[in-house]
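A.B. asks: Protein chains in written order, with the working numbering: chain H, 1 to 585; chain W, 586 to 1170. Cβ atoms here follow ideal geometry from the backbone N, Cα and C, with glycine treated the same way.
2 protein chains.
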Amino acid sequence: MRKYTREITEALTGETVHLKGWVQKRRDLGGLIFIDLRDREGLIQVVFNPEVSGSALETAERIRSEFVVSVTGKVLERDPSQYNDNIPTGKIEIMADTVEVLSKAKTPPFQVMDETVSEDVGLKYRYLDLRKPKLQNILKLRHQLNRSVRNFLDNEDFIDIETPVLSKSTPEGARDYLVPSRVHEGEFYALPQSPQIYKQLLMLSGMEKYYQIVKCFRDEDLRADRQPEFTQIDIEMSFTDEEQMLALNERMITQVMRDVKGIEVTTPFPRMTYHQAMSEYGVDKPDTRFDLKLNDLSAFAETIDFKVFRSAVENGGMVKAIVVKGEESNFSRKDIDKLEGYVKTYGAKGLAWLKVKEDALNGPIAKFFNEQNQADLFETLSLENGDLILFVADSEKVVHASLGNLRNKLARDLDLIPENQFNFLWVTDWPLFEYDEDAGRYFAAHHPFTSPKAEDVEKLDEAPEQVLANAYDIVLNGYELGGGSIRIHDASLQEKMFKALGFTDEERDEQFGFLIEAFKYGAPPHGGIAYGLDRFVMLLAGTDNIRDVIAFPKTASAGDLMMNAPSEVSKQQLKELHIDVDIEE
Amino acid sequence: MRKYTREITEALTGETVHLKGWVQKRRDLGGLIFIDLRDREGLIQVVFNPEVSGSALETAERIRSEFVVSVTGKVLERDPSQYNDNIPTGKIEIMADTVEVLSKAKTPPFQVMDETVSEDVGLKYRYLDLRKPKLQNILKLRHQLNRSVRNFLDNEDFIDIETPVLSKSTPEGARDYLVPSRVHEGEFYALPQSPQIYKQLLMLSGMEKYYQIVKCFRDEDLRADRQPEFTQIDIEMSFTDEEQMLALNERMITQVMRDVKGIEVTTPFPRMTYHQAMSEYGVDKPDTRFDLKLNDLSAFAETIDFKVFRSAVENGGMVKAIVVKGEESNFSRKDIDKLEGYVKTYGAKGLAWLKVKEDALNGPIAKFFNEQNQADLFETLSLENGDLILFVADSEKVVHASLGNLRNKLARDLDLIPENQFNFLWVTDWPLFEYDEDAGRYFAAHHPFTSPKAEDVEKLDEAPEQVLANAYDIVLNGYELGGGSIRIHDASLQEKMFKALGFTDEERDEQFGFLIEAFKYGAPPHGGIAYGLDRFVMLLAGTDNIRDVIAFPKTASAGDLMMNAPSEVSKQQLKELHIDVDIEE
Chain H
1 MRKYTREITE ALTGETVHLK GWVQKRRDLG GLIFIDLRDR EGLIQVVFNP EVSGSALETA
61 ERIRSEFVVS VTGKVLERDP SQYNDNIPTG KIEIMADTVE VLSKAKTPPF QVMDETVSED
121 VGLKYRYLDL RKPKLQNILK LRHQLNRSVR NFLDNEDFID IETPVLSKST PEGARDYLVP
181 SRVHEGEFYA LPQSPQIYKQ LLMLSGMEKY YQIVKCFRDE DLRADRQPEF TQIDIEMSFT
241 DEEQMLALNE RMITQVMRDV KGIEVTTPFP RMTYHQAMSE YGVDKPDTRF DLKLNDLSAF
301 AETIDFKVFR SAVENGGMVK AIVVKGEESN FSRKDIDKLE GYVKTYGAKG LAWLKVKEDA
361 LNGPIAKFFN EQNQADLFET LSLENGDLIL FVADSEKVVH ASLGNLRNKL ARDLDLIPEN
421 QFNFLWVTDW PLFEYDEDAG RYFAAHHPFT SPKAEDVEKL DEAPEQVLAN AYDIVLNGYE
481 LGGGSIRIHD ASLQEKMFKA LGFTDEERDE QFGFLIEAFK YGAPPHGGIA YGLDRFVMLL
541 AGTDNIRDVI AFPKTASAGD LMMNAPSEVS KQQLKELHID VDIEE
Chain W
586 MRKYTREITE ALTGETVHLK GWVQKRRDLG GLIFIDLRDR EGLIQVVFNP EVSGSALETA
646 ERIRSEFVVS VTGKVLERDP SQYNDNIPTG KIEIMADTVE VLSKAKTPPF QVMDETVSED
706 VGLKYRYLDL RKPKLQNILK LRHQLNRSVR NFLDNEDFID IETPVLSKST PEGARDYLVP
766 SRVHEGEFYA LPQSPQIYKQ LLMLSGMEKY YQIVKCFRDE DLRADRQPEF TQIDIEMSFT
826 DEEQMLALNE RMITQVMRDV KGIEVTTPFP RMTYHQAMSE YGVDKPDTRF DLKLNDLSAF
886 AETIDFKVFR SAVENGGMVK AIVVKGEESN FSRKDIDKLE GYVKTYGAKG LAWLKVKEDA
946 LNGPIAKFFN EQNQADLFET LSLENGDLIL FVADSEKVVH ASLGNLRNKL ARDLDLIPEN
1006 QFNFLWVTDW PLFEYDEDAG RYFAAHHPFT SPKAEDVEKL DEAPEQVLAN AYDIVLNGYE
1066 LGGGSIRIHD ASLQEKMFKA LGFTDEERDE QFGFLIEAFK YGAPPHGGIA YGLDRFVMLL
1126 AGTDNIRDVI AFPKTASAGD LMMNAPSEVS KQQLKELHID VDIEE
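1. Hey, out of I159(H), C216(H), F503(H), A401(H), whose CA is closest to K725(W)'s CA?
2. What is the DSSP secondary structure of L128(H), counted as helix, strand or coil?
3. According to DSSP, is F152(H) helix, strand or coil?
4. Does Q721(W) have its Cβ less than 9 Å from a Cβ in chain H?
5. Buried or exposed: where does Y210(H) fall if 16 or more other Cβ atoms within 10 Å of its Cβ makes it buried?
6. Name, please, each residue of chain W whose Cβ falls closer than 8 Å to the Cβ of H184(H).
7. Does the CB of T748(W) have a neighbour CB from chain H at under 9 Å?
8. Can you give me the C-alpha to C-alpha distance between F737(W) and M837(W), rounded to a whole angstrom?
9. Among the candidates T266(H), Y281(H), E358(H), whose CA atom is the shortest distance from the CA of V323(H)?
10. Name the residues in the segment 91-113 of chain H whose C-beta lies less than 8 Å from a C-beta of chain W; which are they?
11. Would you mind giving the Cβ-Cβ distance between D534(H) and I546(H), rounded to the nearest angstrom? I have them listed as a contact below 8 Å.
12. Report the three-state DSSP secondary structure of M95(H) (helix, strand or coil).
13. Counting only beta-carbon separations shorter than 9 Å, does W353(H) have a partner in chain W?
14. With burial defined as no fewer than 16 other Cβ atoms inside 10 Å of the residue's Cβ, what is the status of K344(H): buried or exposed?
15. Between which two residues does the beta strand (DSSP E) containing R62(H) stretch?
16. Identify whether S557(H) lies in helix, strand or coil by the three-state DSSP scheme.
17. Does S208(H) come within less than 9 Å of chain W when only Cβ atoms are used?
18. Check each residue of the segment 573-585 of chain H: if its Cβ is closer than 9 Å to any Cβ of chain W, include it; give the result in chain order.
19. Any C-beta of chain C within less than 9 Å: which residues of the segment 534-558 of chain H qualify?
20. I'd like to know whether the C-beta of I159(H) is nearer than 9 Å to at least one C-beta of chain W.
21. If the cut is a Cβ gap below 7 Å, which residues of chain H does M1147(W) touch?
22. My guess is that S976(W) and D890(W) are in contact by the Cβ rule of under 8 Å, so how many angstroms apart are they, rounded?
23. The beta strand (DSSP E) spanning G658(W) covers which residue range?
24. Please identify the residue among V1134(W), I1114(W), T965(W) whose C-alpha is closest to the C-alpha of M830(W).
25. Under 8 Å: do the segment 588-608 of chain W and the segment 626-636 of chain W share three or more Cβ pairs, one atom per stretch?
26. Got a sec: is the Cβ-Cβ distance from R625(W) to anything in chain H below 9 Å?
27. State yes or no: is the C-beta of H1111(W) within less than 9 Å of the C-beta of Q785(W)?
28. Give the interface partners of L43(H) over in chain W, defined as CB-CB distance under 7 Å, in chain order.
29. Run through chain W and tell me which residues come within less than 8 Å of E66(H), C-beta to C-beta.
30. Name the two residues that bound the continuous alpha helix (DSSP H) containing A897(W).
31. Which chain H residues sit within Cβ distance under 7 Å of A1103(W)?
32. Among the candidates T683(W), G1067(W), I1101(W), V893(W), whose CA atom is the shortest distance from the CA of M1082(W)?
33. State yes or no: is the beta carbon of K942(W) nearer than 9 Å to at least one beta carbon in chain H?
34. Within 9 Å of any Cβ in chain W, is that where the Cβ of P88(H) sits?
35. Pop quiz: P1016(W) and A1048(W) are said to be a contact at Cβ under 8 Å. What is the actual Cβ separation, rounded to whole angstroms?
36. List, in order along the chain, the chain H residues whose C-beta lies closer than 7 Å to that of P1110(W)?
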């Protein structure tokens, strides 16, 4: 019976075992041959000794890296001087009686354990890159996470229901991937950006508790943490409210963290309104593992004779500052110039700064602060010698974007982020709409099916920007892990919502008429949430490359370098689909 | 705390409970109002009595079918004369204290419990059709089946790994669904027909045990039991052989049948070679729940003076017969004519027949049988009075197709199929190739990665039609439930295989070069299987309509009647994808 390497322990010393795997390395030493045998579960040293088996040694002489072999031999304790503390099996080795080559290997384009191989070469030979224990362990973690979520939801009476991949294109949201229909000439399916409408229809059908771990698709320009296809943990529930949904998700995350990381999280998770998050952290997904909060100095700014600050406030903007405690001496003029360059990428016109030395403010703008101003600032910001203060004065949007991102950058640069800490946080009370300057209309901040707070419904027509939503995001260490909401389940409210989004009645009926009709036949109150599984795995695995958590990822240009996809297809195929390629010269 | 209706039992008599659900029916009787309240788990009767709560009764008066309500009331035992044996809660009812209308409903286009609604109307209002307990129970069974499979494979150390949906088009196999690329002009992804190549690459990467429950896609003309997207239970394993694979799958099915149906199956499952299946049952997926086997009379046919039989054999064909025991008097001339019409759809030129009466053969062809022939036939077929014998004389292909299908039809017509019996069967030793007359070349009977039996490898060049494969199908009650094989893991054998399939070296390298290259870096022996999940659910649920097992199925023309998909898209969308619609006038 074949064993995994990790099953071989000192307890088996003296016993004969049978192993299969890949040869990671061969070393010849003093008439003996040593190979490191790798399987899915680890690594073990196998020794070939002519006094034990001449024929095994003979075979071993032909063995090269990445050969697949089957080995039988006796488990021996190593001499303590030969212990290898880097591997769990480092105190033992296998004295080979027999070895069989199951498959030969030519010299691979890179050594499996080589971490320096370029990403493109790794992707082209993905099956070799995936031999790295690091990547295999991430895929195992992903499986554990999946399994933990499923176990939890199964036990809570949720039903895993599949929804279509060949779906319908809708104009709200990101760009769709399209699939031409052969049967319906000139028509197209779309790959779903989420199963949102289907899961709501399942609630209308009375399934009550639905979940799915499901591929979704967005044809957007790729970023480091994006892939054209991504996986969602998708959950929906009837007869629920926001409190119940948050509690359910906290129970789920508690189980996941226990199963996958062996960590006990504390519930309930902290909560923060969207307004508070933006105001204190400058971003809608605060990383609460470190402090460095934003301080609002807008009122203070009006008391000092510094035009940059005053005019920002007078023009409807604000002044906010971050205090970097005790670090002033570590920031040279040049360092601060670099930080200014950084905030400029978020639209700030500049980064004002002060240092606190010998109980006084220092720096180019210190001269604008009179004695009273200085005293006020010391009190407001609880300043101490050694502090560095970084200010941005601008519109609310620019102040928050620049300082919010600067805050995260400073924490990384100053190494303020504790390792192995998982700070979950709910961000609630989101605005229902976002105004898009270019399009000149409101868009749904989450999606058009999110319900407004009951007390804000009357503002839908007149002051949509003031309407808050029954929406909640779960944030982990500064990343949006998932988002959800209590949905609209009333046809007339859904119609109002589309009106606020600028849909004509015709557009609404054409695109979402069936859904509004569906709401008219007995729709239960319902809500749900969707998690980005890939990102969840990234955060738990501690990697910042999304390709590490996907077995066969695409490149930044959405290509598969191994299979060479996408690729050209035959004229016959296009003809059957009633389409032509139309490339602009 | 809200309860499901199924949680309300006589044990709760006298207690106050809280329920939520849909109103299936309202009846007014003697000043009282009765409603049947339906939730995901069942049905219960709620009574409104003016002496208990006038305001609840008042609200109840406004309630209509499919309203969503929240009810609080006391559990009462019914008077035995009022027991409803049709529902588990039939001995009790809820005396309502309060009722709240959560959602109104206008009169639906059909009553939820109406089984006669046309399929098109049901699909258009799928969310109403899905309120039927029958369909909800099937989706629950599907979930249970999924869960059972996952639990089994998780415990056997298999890892659930996702593979890409945006994949590459390959010319072998069925027609692909294509997805135009925006970034790579004029190029297309294909939706996968199966994750076959990916899972083999995962074996090459050393993941050892993989599974996935995964959507696959085929753009084929639809049949009753086909959908454009379908779900596979996909399994692959390294360092395995056929015996191990069959045993693994028998353990899995044992657990599934126990978990889902509460049935203990007997293992090992019966096995039959492909040759035996075709010879005795005429089909490659025999239904072994009944007898009616095919009897080969080719040798006998040469002994009688009946040209139809003799010439079939002389032309390289055969004569086979089915004996329908004791049923001759139930088959009129007209009945047999109908059977003849049936076999003609499978290419038979006619259906010869004999009846056994008073120890003699009767019927139009009886005259061709002399005394010796009669005696021989009686002995060969163990004939008894009352038997009906049905013969087809033709090519092997036609004889098997017509009698194999006739056999299944007779079993259905004569009600020979026992209910609630699940006959699992392995069909092994498949031919590696199928010859396609139209294309004038061999195709892979399963797929090009299936390994030939070791002893047949040398016939690959000269006599491919004689090569048997290490392939196995799992058959349940006459349906192919799944199929798998031990794969090729040797680059040169894989190259031979493509040669036998008529690929030029260039075609092979262009389409599968990366895979053959992959085999050169240490490929473990491996094999796997894939189950059609939708069909598995159909068979366990006892439905013959595949749409019953899918939440949102497509029509026979691959359309979604509810969402109206596929649909036209904007010119802007097409432009971004570098394609034009090209409809022939």
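C.D. replies: This is what the structure gives:
1. Along the second sequence, one-based indexing puts residue 725(W) at 140. The shortest C-alpha separation from K725(W) is found at I159(H).
2. Looking up residue 128(H) in the first sequence gives position 128. If DSSP states are grouped into helix, strand and coil, L128(H) belongs with the helices.
3. Locating residue 152(H) in the first sequence gives position 152, where the first residue counts as 1. If DSSP states are grouped into helix, strand and coil, F152(H) belongs with the helices.
4. In the second sequence, the residue the question calls residue 721(W) occupies position 136. Look at Q721(W): its C-beta is under 9 Å from a C-beta on chain H.
5. Residue 210(H) sits at position 210 when you count from the first residue of the first sequence. Y210(H) should be labelled buried.
6. As a working note, residue 184(H) is residue 184 in the first sequence. For a Cβ distance threshold of 8 Å, residue set S1142, A1143, G1144, P1151 of chain W lies close to H184(H), ordered along the chain.
7. Locating residue 748(W) in the second sequence gives position 163, where the first residue counts as 1. At least one CB of chain H lies nearer than 9 Å to the CB of T748(W).
8. By 1-based counting over the second sequence, the position of residue 737(W) is 152. By 1-based counting over the second sequence, the position of residue 837(W) is 252. F737(W) and M837(W): Cα-Cα distance of roughly 6 Å.
9. Here residue 323(H) refers to the residue found at position 323 when the first sequence is read from its first residue. Of the listed residues, the one whose Cα sits closest to V323(H) is Y281(H).
10. Only L102, S103, K104, A105, K106, P108 from the segment 91-113 of chain H bring a Cβ to less than 8 Å from some Cβ of chain W.
11. Counted from its first residue, the first sequence places residue 534(H) at position 534. Counted from its first residue, the first sequence places residue 546(H) at position 546. The beta-carbon distance between D534(H) and I546(H), rounded to whole angstroms, is 6 Å. This is short enough to meet the 8 Å contact definition.
12. Numbered from 1 along the first sequence, position 95 holds the residue referred to as residue 95(H). Here M95(H) sits in strand by DSSP.
13. Numbered from its first residue, the first sequence carries residue 353(H) at position 353. Not an interface residue.
14. The residue labelled residue 344(H) in the question sits at position 344 within the first sequence. Classification for K344(H): exposed.
15. Working through the first sequence from its first residue, we reach residue 62(H) at position 62. Taken as a continuous stretch (DSSP letters only), R62(H) belongs to no beta strand (DSSP E), being part of the alpha helix (DSSP H) at 54-62.
16. By one-based count along the first sequence, residue 557(H) stands at place 557. Correct three-state label for S557(H): coil.
17. Here residue 208(H) refers to the residue found at position 208 of the first sequence. Note that residue 208(H) is Glu in the sequence shown, not Ser. At least one chain W Cβ lies under 9 Å of E208(H).
18. Of all residues in the segment 573-585 of chain H, Q573, L574, K575, E576, L577, H578, I579, D580, V581, D582, I583, E584 have a Cβ within less than 9 Å of some Cβ in chain W.
19. Looking for chain C here will not work: the only protein chains present are H and W.
20. On the first sequence, residue 159(H) is found 159 positions in, with the first residue counted as 1. Yes, I159(H) lies at the interface with chain W (some Cβ there is under 9 Å from its Cβ).
21. Sequence index remark: in the second sequence, residue 1147(W) carries index 562 (1-based). By Cβ distance, chain H contributes F514.
22. Translated into positions along the second sequence, residue 976(W) becomes position 391. Translated into positions along the second sequence, residue 890(W) becomes position 305. In the sequence as displayed, the identity of residue 976(W) is Phe instead of Ser. Between F976(W) and D890(W) the beta-carbon gap is near 15 Å, outside 8 Å, which marks them as no contact.
23. Your numbering for residue 658(W) matches position 73 in the second sequence. Per DSSP, G658(W) belongs to the beta strand (DSSP E) from 653-662.
24. Position 245 of the second sequence, counted from the first residue, corresponds to residue 830(W). Comparing Cα-Cα distances from M830(W) to each of V1134(W), I1114(W), T965(W), the minimum goes to I1114(W).
25. Result yes; three or more Cβ-Cβ pairs closer than 8 Å.
26. Indexing the second sequence from 1 puts residue 625(W) at position 40. Yes, because at least one Cβ of chain H sits closer than 9 Å to the Cβ of R625(W).
27. Within the second sequence, numbered from 1, the residue matching residue 1111(W) stands at position 526. Within the second sequence, numbered from 1, the residue matching residue 785(W) stands at position 200. Their beta carbons are under 9 Å apart, which means H1111(W) touches Q785(W) by this criterion.
28. Here residue 43(H) refers to the residue found at position 43 of the first sequence. Under the 7 Å cutoff, chain W gives no residues; its nearest Cβ is about 12 Å from L43(H).
29. Residue numbering aside, residue 66(H) sits at position 66 when the first sequence is read from its first letter. From the beta-carbon of E66(H), the residues of chain W found nearer than 8 Å are Y1106, G1107.
30. For the purposes of this step, residue 897(W) is taken as the residue at position 312 of the second sequence. If you look at A897(W), you'll find it in the alpha helix (DSSP H) that goes 892-899.
31. Translated into the one-based positions of the second sequence, residue 1103(W) becomes position 518. Within chain H, the residues near A1103(W) are Y127.
32. Taking the first residue of the second sequence as 1, we reach residue 1082(W) at position 497. The shortest C-alpha separation from M1082(W) is found at I1101(W).
33. Translated into the one-based positions of the second sequence, residue 942(W) becomes position 357. So no, K942(W) is outside the interface.
34. Taking the first sequence and counting its residues from 1, the one referred to as residue 88(H) is at position 88. No - not a single Cβ of chain W is within 9 Å of the one on P88(H).
35. Reading the second sequence from its first residue, position 431 is the one you call residue 1016(W). Reading the second sequence from its first residue, position 463 is the one you call residue 1048(W). So it is not a contact: roughly 11 Å between Cβ atoms.
36. For the purposes of this step, residue 1110(W) is identified with residue 525 of the second sequence, where counting begins at 1. Result: L102.
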